[in-house]
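Chains as they are written, first to last, in my numbering: chain C, 1465 to 1812; chain P, 1465 to 1812.
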DNA sequence: TTGAAAGCGCTAACAT
DNA sequence: ATGTTAGCGCTTTCAA
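What follows is the structure in structure tokens.
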């Protein structure tokens, strides 16, 4: 591994001149010198050691990304979008960490990232308690968190990017209601998360607003804590079991996310119910495969590209200037109609 | 951010003593001193700067992972498995880079990783040409590559972990053949990849072995170069279009991966064909959702956990000892039977 | 048992 | 226009 010294020696200049070309300060040297240095760099295949550079500048071109699990396609999609903009627009690499929504793990990861010289972090969907994040901020991190709500109780300590989950829940319910559904249900894993709560709130609000004759229930399913690959679908599958055996079976179900919706459809089918004729289903997230399952899944989409862009820009801006006042960005979701919703059987 | 100096000052010792406790050399100091240092570390919330440490040791606890795209669930799954073992067993973080199978990008990423002080890299499914990898190895990287074949022509320069794609292709074809299918097809994106070629080879070999009366065709579909989220499914969908209009329609189709298989099923349905009654489908990879789509997808599974383990262990071993002779590990896949395959209509 | 000091590769004053 | 040099935070000899 060639060092800046090697380059300097070969080009017959001092290290500072080499450093100057590395940092674009070429105007303060003769073109001839510049050329000689370039040539030496080329010949040696020299690449500056970012690590050593960091020691001086306190910065390293890496963005940390904490995410519940990239085996959840929704998060994988977001992670790729983040990488895309970090990479292309800023030449930053992204270090992805799966937190499995474990707060202790999350805290440890933030610690580790600091130790690795990373100063810019995006935290996706942590649990409500953000004390470990505040601690990390105090130790010098620039963080923006996604989908974690803001406690009205405190003054915010950092930037928040928020999908409008309440609206998502509302949109889903309204879509079903507008098709004539009266008995609705919402399927989710047991356990609260800010975004889950908000989705449910929006869902219930829409039903409330629809007036009498409309009923709602929340179907909760126990899920493995380390929510792995197909846990999400399993949740849906199990929820379907419950739904199939209900006396007053709902005719329209909203699932907390698309993987759960897909599992739900599989479970309903397994119980001899057909979708959407017996039960209409609405998912959330609009993952890639939603378009190709059967029936193609009607779902609520978040503008992932824009979200990723905002998060990266804001995180880097804050790293540059830590005194920026904490900001908040909200992104409204959008209904994507496909074929998993129709009028209920018993409707006029 | 407290430094080792701060700790030394607070504990009233020299930095070397602090360094000694950081590196577990506690036997060479009085218990009392040790306690004082521990206390200082605790009080300051001190975390050693891995970056600075690297400058001396030349090592940083981060593993690079180059992958075509984590929006492909098969790769996402692998990436998570790699992270899991790197994290748990070695306390290594993983830096994931999406290469989109672009060789120039791949080369640049390897360069960047070196610049970031990373010395251990797993490269998944690169194109055939591995010159840029050799170059990186010469610059000090320990790399193990996955699913990239080994050119018989040269002596291998690094470790290879290989799913047995030929066997996968064979297993898929044999499964169909054993159900009485005679006219088979293999659906894939246009463009060669070592693993694609091997899958096709195995597929063809099985049909050959089945004897006369059996026919095979390869269905290729143009895919966007930057293969994004649903490109894979799109490939399957488009392949289905072709298949549906064929005069001698195949009764059994193998798809190069599960996302393509899912798209294929959607496309067949869209053309009024039913699965598996009109066309049986076999996928590859056994992604999480395969179990929940309709019909549940029969597929060929690779032992991902074992693969990930082997890759991480081998990569770290090589980083520790670069003189290890290049090794090769092969992993046989396994058939996972679900409901997307049945006997063909026209069979006796 | 503890401490002093050199040096890892680089940047950025400051000097020439 | 170019060079000298003092660190950045840490590890590790070597000396006390």
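The beta carbon of each residue, even a glycine, is placed where N, CA and C say it ideally should be.
- Residue 1639(P) carries a helical assignment under DSSP once its states are collapsed to helix, strand and coil.
- About 6 Å separates the Cβ atoms of residue 1623(C) and residue 1782(C), confirming a contact at the 8 Å cut-off.
- At a cut-off of 8 Å, the C-beta of residue 1776(C) has no neighbouring C-beta in chain P.
- When DSSP states are grouped into helix, strand and coil, residue 1481(P) belongs to the helix group.
- Among the residues facing chain C, residue 1534(P) is included, as its CB has a counterpart in that chain under 8 Å away.
- Between the alpha carbons of residue 1767(P) and residue 1672(C) lies a gap of roughly 49 Å.
- Below 8 Å, too few C-beta pairs join the segment 1495-1512 of chain C and the segment 1537-1550 of chain C to call them touching: fewer than three.
- In the structure shown, residue 1562(C) falls within a strand segment according to DSSP collapsed to helix, strand and coil.
- For residue 1648(P), the pairing in a beta bridge is given by DSSP as 1680(P) and 1716(P).
- The C-alpha of residue 1539(C) lies about 46 Å from the C-alpha of residue 1478(P).
- Using a C-beta cut-off of 8 Å, the segment 1741-1748 of chain P makes no contact with the segment 1769-1781 of chain C, since fewer than three inter-stretch Cβ pairs fall below that distance.
- The three-state reading of DSSP puts residue 1623(C) in strand, counting E and B together.
- In the DSSP assignment, residue 1744(C) falls within the beta strand (DSSP E) that extends over 1744-1748.
- Against chain P, the CB of residue 1575(C) has a partner CB under 8 Å away; the residue lies at that interface.
- Annotation: residue 1510(C) to residue 1525(P) spans about 23 Å, alpha carbon to alpha carbon.
- Closest by C-alpha distance to residue 1707(P), out of 1659(P), 1652(P) and 1696(P), is 1652(P).
- Inter-residue distance for residue 1748(P) and residue 1667(C) is about 38 Å (C-alpha atoms, whole angstroms).
- By the C-beta density criterion, residue 1794(C) is exposed, having fewer than 16 other C-beta atoms within 10 angstroms.
- With the criterion set as a beta carbon lying under 9 Å from some beta carbon of chain C, the segment 1484-1502 of chain P has no members that meet it.
- For residue 1518(P), the residues of chain C that pass the 8 Å Cβ criterion are 1515, in the order they occur in the chain.
- Around the C-beta of residue 1593(P), fewer than 16 other C-beta atoms lie within 10 Å, and the residue is accordingly described as exposed.
- Residue state for residue 1494(C) is assigned as coil, using DSSP reduced to three classes.
- When Cβ-Cβ separations below 8 Å define contact, residue 1721(C) makes no contact with chain P.
- The closest CA to that of residue 1717(C), considering only 1697(C), 1769(C) and 1647(C), is found on 1647(C).
- Neighbourhood of residue 1596(C) in chain P, by CB distance below 8 Å: empty, with the nearest CB roughly 12 Å away.
- Straight-line measurement puts the Cα of residue 1640(C) at about 17 Å from the Cα of residue 1712(C).
- With a threshold of 16 other beta carbon atoms within 10 Å, residue 1700(C) meets it and is buried.
- Using a 10 angstroms sphere on the CB of residue 1797(P), the tally of other CB atoms reaches 16 or more, which defines it as buried.
- When DSSP states are grouped into helix, strand and coil, residue 1805(C) belongs to the coil group.
- Between the segment 1749-1763 of chain C and the segment 1526-1535 of chain C, the count of C-beta pairs closer than 8 Å stays below three; the two stretches do not touch.
- Using a Cβ-Cβ cut-off of 8 Å, residue 1580(C) counts as an interface residue toward chain P, since at least one Cβ of chain P sits closer than that to its own.
- In the structure shown, the three-state DSSP call for residue 1553(C) is helix.
- Close to chain C, meaning a Cβ-Cβ distance shorter than 7 Å, are the following residues of the segment 1747-1766 of chain P: 1752, 1753, 1755, 1756, 1757 and 1758.
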